[in-house]
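If you're matching positions, the sequence shown starts at 1 in the UniProt record's numbering and goes up one per residue.
This report concerns only the one structure given below.
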Amino acid sequence: MGCCYSRIEREETVSRCKSRKRYMKQLVKARQALSAAHSMYLHSLRRTGSALLQFANAETNLHLYHHHKHNIPPVRPSPAPQTPLPPPPPPAPMSPSSDTWTSVTASPALPPPPPPPPSSTWDFWDPFVPSSSRSVTEEEWEATTTTSEAVVTVTGAASTAAPPSVVSGFSKESSSELAMVVSRNTKDLVEIIKELDEYLLKAADAGAQLSLLLEVPSVGFSCDQSKGGKVYNNYGWSLNPSLWTWGSSSPKLNGFGKMSDEMVKSNLGGGVPNMIDSSHCSTVERLYAWEKKLYEEVKAAESIKIEHEKKVTTLKRLEMKRADYMKTEKTKKEVEKFESQMMVASQAIETTSLEIIKLRETELYPQLLELVKGLMCMWRSMYECHQVQKHIVQQLKYLSAIPSTEPTSEIHRQSTLQLELEVQQWHMSFCSLVKAQRDYIQSLTGWLRLSLFQFSRNPLSRTGQESIIYSLCEEWHLAVDRIPDKVASDGIKSFLTVIHAIVVQQAEENKQKKKSESLFKDLEKKTVLLRSLECKYGPYSMPESSSSGRKNPVVEKQVKVEILRAKAEEEKTKHEKSVSVTRAKTLNNLQMGLPHVFEAMVGFSSVCMHAFESVYNHTKGADQQQDVKMLLPGESI
1 MGCCYSRIER EETVSRCKSR KRYMKQLVKA RQALSAAHSM YLHSLRRTGS
51 ALLQFANAET NLHLYHHHKH NIPPVRPSPA PQTPLPPPPP PAPMSPSSDT
101 WTSVTASPAL PPPPPPPPSS TWDFWDPFVP SSSRSVTEEE WEATTTTSEA
151 VVTVTGAAST AAPPSVVSGF SKESSSELAM VVSRNTKDLV EIIKELDEYL
201 LKAADAGAQL SLLLEVPSVG FSCDQSKGGK VYNNYGWSLN PSLWTWGSSS
251 PKLNGFGKMS DEMVKSNLGG GVPNMIDSSH CSTVERLYAW EKKLYEEVKA
301 AESIKIEHEK KVTTLKRLEM KRADYMKTEK TKKEVEKFES QMMVASQAIE
351 TTSLEIIKLR ETELYPQLLE LVKGLMCMWR SMYECHQVQK HIVQQLKYLS
401 AIPSTEPTSE IHRQSTLQLE LEVQQWHMSF CSLVKAQRDY IQSLTGWLRL
451 SLFQFSRNPL SRTGQESIIY SLCEEWHLAV DRIPDKVASD GIKSFLTVIH
501 AIVVQQAEEN KQKKKSESLF KDLEKKTVLL RSLECKYGPY SMPESSSSGR
551 KNPVVEKQVK VEILRAKAEE EKTKHEKSVS VTRAKTLNNL QMGLPHVFEA
601 MVGFSSVCMH AFESVYNHTK GADQQQDVKM LLPGESI
C-alpha cells in the first residue's frame, strides 16, 4: 500500500497539484502577513511622529527653563549696521492653531537664521556624501526617479533677517495640489517637528484605501480570528467548497470585502451564506479550499488509473491463457467499473478546475488589479508627503544650539528612549512590509505558473484573461524584486543610530551628574565633621598632643576637605561640559539624521510609485487590447 501511495505522489499531475495547493496555502498566509505588515507600518509612522514631537517638546522645555531660570533673553543675531532690529516682543503664551502653533509655555522666538542663497536645487541623495563619491546603486536609483526642484527665496524687508520660503513641486502624475512649506517666521525645534509629524500622519492616512483592500483588522468584527495562536480568515464559515452556492442571491459587500453588521449577524446566525462578490481574503481562502479538493480528486483519479492498469494487465493475461470464462468475465466487469470511475473522477476534476478558473478570472484578477492600483496611489501620496518632509527638515540647519547648564531631565531621557524604540519599530515594520509583499507575490506567481493551462482540454478555447493575470503578476514580481529597499532600510537605520548616540550621551551625562552629586554629598558630610573638630579644638588652637609630634587633626581634616572640594568642583565642571555636549550632539544628530532618512524615503517611495504605475498601466493596456480583440468581427477561434 505504501509503495502504491508513493507511486501516486510521484506522478507528475499529482505532484503538480500538490505544489499548487502548497503555493495557495502560502498565499493565504502571505495575505495575512501582508495585511498585518501594512497595518504595522502605518502604525509605526504615526507613533514615530508622536515620539519625535514628544522628544522635541522635552528638548525645547530645557531651553525655556534655562532662559526663565537665569532670565536670559534669547540670543539674536547682530543687526545690519544701517538698520537696527526692532525690540524683541515680550513672551506671551499662545494657544495652538495651524500655521501659528507654538507651545503654551513659549518664550520669545529663537534667533532667526542667516538668509540662505537666493535659489537652490535640492540634491537627490545623501547630503553628507559628495556627488563624486556616490556608489553605482545610488546613481541607478537617481536615474530611475523623478525629483523636484525646490526654490528657496528670501522674503521680507531689507531691515529684517527673513527666513526662507520653501516651495515643493511634485510630479505631474500627482492629483493633489502643489504642497507648500513656508517659513512665515523663525521656527523653533518643536514647530519644525510638529510640521514633520503632520506629514507623517498624512503619509499613514495614504494607506487607508489599501487597508480596506487588504482587510486590515479593525475594532469589532473582522475576518481575522485567533485560534490557538494561528490566524484564520474564514468568517467563521466552513472552507468546504461543496457547501457554497453560486447564485445571484449572495450578499453584496460594502466597498471592497466589507459586510454590513446586519449581514454579518444574519450570516453567522443563519448557517452557511451564499458568497459571490467576496473579499480578497475570502477569495484566496476559497481558492485554497478548491485546490485541496482538486488535489484529493487528482490523487484519487490517479489511484483509480493505477488499479485500472492492473486489471487490464490481468485481463490480457487471462485472455491469452484462455482462462476460466467466469473469471475472465469478472475481470472484464472490474475493468469496466474502473473505467466508469475514471470518467466520474475526470468530470469532477474538470468541474473543480472550472470553479478555480471562474474564481481566478471573476474575483481574483479584479482584486489584484485593485491592489496594484492601491499600492500605486499609496506610494504616490507617500512620495508627496516625504518630499514635503525633506524640505521641512532642511530648516533644522538654521537652528543653533543654545548654551544651557540645565541637565537632561528624566522625562527627556524617557522620551528619547521612546523615540529610539519607535524608530526601531519603524525600521522593523518597513522590512516586514517589503518581505511580506515579496512573499505574497512569489506565492501568487508560483501558483499561477503551475495552474494555468493545466486542465484545459481545448487550448484554442483559452481566454486572454489567463495571459493577462499572469502578465500582471510577473510584472508585479519583477517590480518588487527591483525595488532598492535596502537603501531606504539603511536610511531609517542610520537615523536610529544617531538617536541611539543621543541616548548614550544622555546616559553619560546622567552618570557624570550622579558622580558630581555623590562627591558634593561626601563633601558636605566631611565639612560637617570639620566644623565639629573646629568647635572642639577651636579653629586656631593646637591640641595638647601636638607637642608630642602628632599631626593636627583640624589641619589634616581641612586639607582633605579642600582636596575633596577641588575634586567635586572638577566633576561639576565635567558635568556642565557634558550637558553642553548633550545639547550640541542632540541638535547636530537631528540636523544630520532627519534629512538623511527622508532623502532615503523620498527615493524609495518614488521608485515604488513609478514601478506600480508601470505595472498598472501595462495591465490596463493589455485589458483594453483584449477588449478590442474580442469585438473584432469575423475572427475565428
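Cβ coordinates follow ideal geometry from the N, Cα and C atoms, glycine included.
Find the nearest neighbour of Gly-491 within the set His-412, Glu-599, Lys-514, His-500, judged by alpha-carbon distance. Residue numbering aside, residue 491 sits at position 491 when the sequence shown is read from its first letter. Minimum Cα distance to Gly-491 is reached at Glu-599.
What span of residues does the alpha helix (DSSP H) with Val-335 cover, start to end? Taking the sequence shown and counting its residues from 1, the one referred to as residue 335 is at position 335. Val-335 -> alpha helix (DSSP H) spans 325-359.
Mind checking Leu-472: buried by the 16 CB within 10 Å criterion, or exposed? Start at 1 with the first residue of the sequence shown, and residue 472 comes out as number 472. Per the 10 Å Cβ criterion, buried.
So, Ile-563 versus Leu-396, is the Cβ gap smaller than 9 Å? Start at 1 with the first residue of the sequence shown, and residue 563 comes out as number 563. Start at 1 with the first residue of the sequence shown, and residue 396 comes out as number 396. A distance of 9 Å or more separates the beta carbons of Ile-563 and Leu-396.
Determine contact between the region 40-50 and the region 426-445, defined as no fewer than three beta-carbon pairs at a distance below 8 Å. With a cut-off of 8 Å, the region 426-445 and the region 40-50 count as touching, because enough Cβ pairs lie within range.
So what's Thr-408 in DSSP terms, helix, strand or just coil? Indexing the sequence shown from 1 puts residue 408 at position 408. Note: Thr-408 maps to coil in three-state DSSP.
Roughly how many whole angstroms lie between the Cα atoms of Leu-53 and Glu-556? Walking along the sequence shown from the start, residue 53 turns up at place 53. Walking along the sequence shown from the start, residue 556 turns up at place 556. Each residue's Cα considered, the two are about 55 Å apart.
Reference Glu-195, options Val-388, Lys-310, Arg-360, Pro-366, closest by Cα: For this step, residue 195 is matched to residue 195 along the sequence shown. Cα-wise, what sits closest to Glu-195 is Val-388.
Inspect the beta-carbon positions of Phe-520 and Leu-594 and report whether they are closer than 9 Å. Numbered from 1 along the sequence shown, position 520 holds the residue referred to as residue 520. Numbered from 1 along the sequence shown, position 594 holds the residue referred to as residue 594. Taking 9 Å as the Cβ cut-off, Phe-520 and Leu-594 do not qualify as a contacting pair.
Since Gln-26 and Ser-489 are thought to touch, with beta carbons under 8 Å apart, how far apart are those beta carbons, to the nearest angstrom? Along the sequence shown, one-based indexing puts residue 26 at 26. Along the sequence shown, one-based indexing puts residue 489 at 489. Actually they are not in contact, since the Cβ atoms of Gln-26 and Ser-489 sit about 24 Å apart, beyond 8 Å.
Relative to the C-alpha of Val-312, which residue among Glu-296, Glu-339, Ala-300 is closest? Here residue 312 refers to the residue found at position 312 of the sequence shown. The candidate whose alpha carbon is nearest that of Val-312 is Glu-339.
How would you label Asp-522, buried or exposed, when you count the other beta carbons within 10 angstroms and need 16 or more for buried? Start at 1 with the first residue of the sequence shown, and residue 522 comes out as number 522. Flag for Asp-522 reads exposed.
Where Pro-217 sits in the DSSP three-state scheme: In the sequence shown, residue 217 corresponds to position 217, counting from 1. Of the three classes helix, strand and coil, the one that applies to Pro-217 here is coil, per DSSP.
Decide if Arg-10 is buried, meaning its Cβ has at least 16 other Cβ atoms within 10 Å, or exposed. As a first step, residue 10 must be located in the sequence shown, where it is residue number 10. It is exposed - the Cβ of Arg-10 has fewer than 16 other Cβ atoms within 10 Å.
Can the beta-carbon of Ile-441 be found less than 9 Å from the beta-carbon of Val-504? The residue you call residue 441 lines up with position 441 of the sequence shown. The residue you call residue 504 lines up with position 504 of the sequence shown. It is not a contact, given that the beta carbons lie outside the stated cut-off.
Outcome for Ala-37 when other beta-carbon atoms lying within 10 angstroms are tallied against a minimum of 16: Against the sequence shown, residue 37 aligns to sequence position 37. Classification for Ala-37: buried.
What residue range is occupied by the uninterrupted alpha helix (DSSP H) comprising Lys-515? Here residue 515 is taken as the residue at index 515 of the sequence shown, counted from 1. Segment 485-537, the alpha helix (DSSP H) holding Lys-515.
Would you identify the three-state DSSP class for Arg-322, choosing helix, strand or coil? Residue numbering aside, residue 322 sits at position 322 when the sequence shown is read from its first letter. Reduced to three states, the DSSP call for Arg-322 is coil.
What number of angstroms, rounded off, separates the C-alpha of Lys-330 from the C-alpha of Thr-352? Counting from one through the sequence shown, the residue named residue 330 turns up at place 330. Counting from one through the sequence shown, the residue named residue 352 turns up at place 352. Distance between the alpha carbons of Lys-330 and Thr-352: 33 Å.
Among Ile-502, Leu-375, Leu-212, which has the Cα closest to the Cα of Arg-413? One-based indexing of the sequence shown puts residue 413 at position 413. Cα-wise, what sits closest to Arg-413 is Ile-502.
Which stretch, first to last residue, makes up the alpha helix (DSSP H) that contains Gln-367? Counting from 1 along the sequence shown, the entry for residue 367 is found at position 367. Unbroken alpha helix (DSSP H) run through Gln-367: 365-392.
Lys-572 beta carbon less than 9 Å from that of Ser-518: The count along the sequence shown starts at 1 and reaches residue 518 at position 518. The count along the sequence shown starts at 1 and reaches residue 572 at position 572. No, the pair does not count as a contact, with Cβ atoms beyond the cut-off.
Assign Asp-324 to one of two classes, buried (16 or more other C-beta atoms within 10 Å of its C-beta) or exposed (fewer than that). Taking the first residue of the sequence shown as 1, we reach residue 324 at position 324. Per the 10 Å Cβ criterion, exposed.
Reference Thr-48, options Ala-203, Thr-13, Cys-17, Ile-8, closest by Cα: Reading the sequence shown from its first residue, position 48 is the one you call residue 48. Out of Ala-203, Thr-13, Cys-17, Ile-8, Ala-203 has the C-alpha closest to the C-alpha of Thr-48.
How big is the Cα-Cα spacing for Leu-448 and Trp-379? Position 448 of the sequence shown, counting from 1, holds the residue named residue 448. Position 379 of the sequence shown, counting from 1, holds the residue named residue 379. Computed Cα separation, rounded: 26 Å.
Can you round the beta-carbon distance between Glu-363 and Ser-278 to whole angstroms, since I take them to be within the 8 Å contact cut? Here residue 363 refers to the residue found at position 363 of the sequence shown. Here residue 278 refers to the residue found at position 278 of the sequence shown. Indeed they touch by this definition, with Cβ atoms about 6 Å apart.
Report the three-state DSSP secondary structure of Asp-205 (helix, strand or coil). If you number the sequence shown from 1, residue 205 lands on position 205. In the structure shown, Asp-205 sits in a helix (DSSP, three-state: H, G or I).
So the alpha helix (DSSP H) Thr-137 belongs to, where does it begin and stop? Within the sequence shown, the letter at position 137 stands for residue 137. Residues 136-143.
Which same chain residues, not among the five before or five after Lys-526, have their C-beta less than 8 Å away from its C-beta? Stepping through the sequence shown from its first residue, residue 526 is reached at position 526. Lys-557, Lys-560, Val-561, Leu-564, listed in sequence order.
Could you check which residue in Gln-512, Val-298, Tyr-537 has the C-alpha nearest to that of Glu-570? For the purposes of this step, residue 570 is identified with residue 570 of the sequence shown, where counting begins at 1. Of Gln-512, Val-298, Tyr-537, the residue nearest in Cα terms is Gln-512.
Nearest-angstrom beta carbon gap, Ile-304 and Met-342 [assumed within contact, 8 Å]: Taking the first residue of the sequence shown as 1, we reach residue 342 at position 342. Taking the first residue of the sequence shown as 1, we reach residue 304 at position 304. That pair is a contact at about 5 Å.
From this set, Glu-297, Val-28, Ile-392, which residue's C-alpha is nearest Gln-347's C-alpha? The sequence position of residue 347 within the sequence shown is 347, counting from 1. Taking only the C-alpha atoms, the option nearest Gln-347 is Glu-297.
Mind reading off the beta-carbon distance from Leu-294 to Ile-356? Whole number of angstroms is fine, and I expect it under 8 Å. Here residue 294 refers to the residue found at position 294 when the sequence shown is read from its first residue. Here residue 356 refers to the residue found at position 356 when the sequence shown is read from its first residue. Leu-294 to Ile-356, Cβ: 7 Å. Contact.
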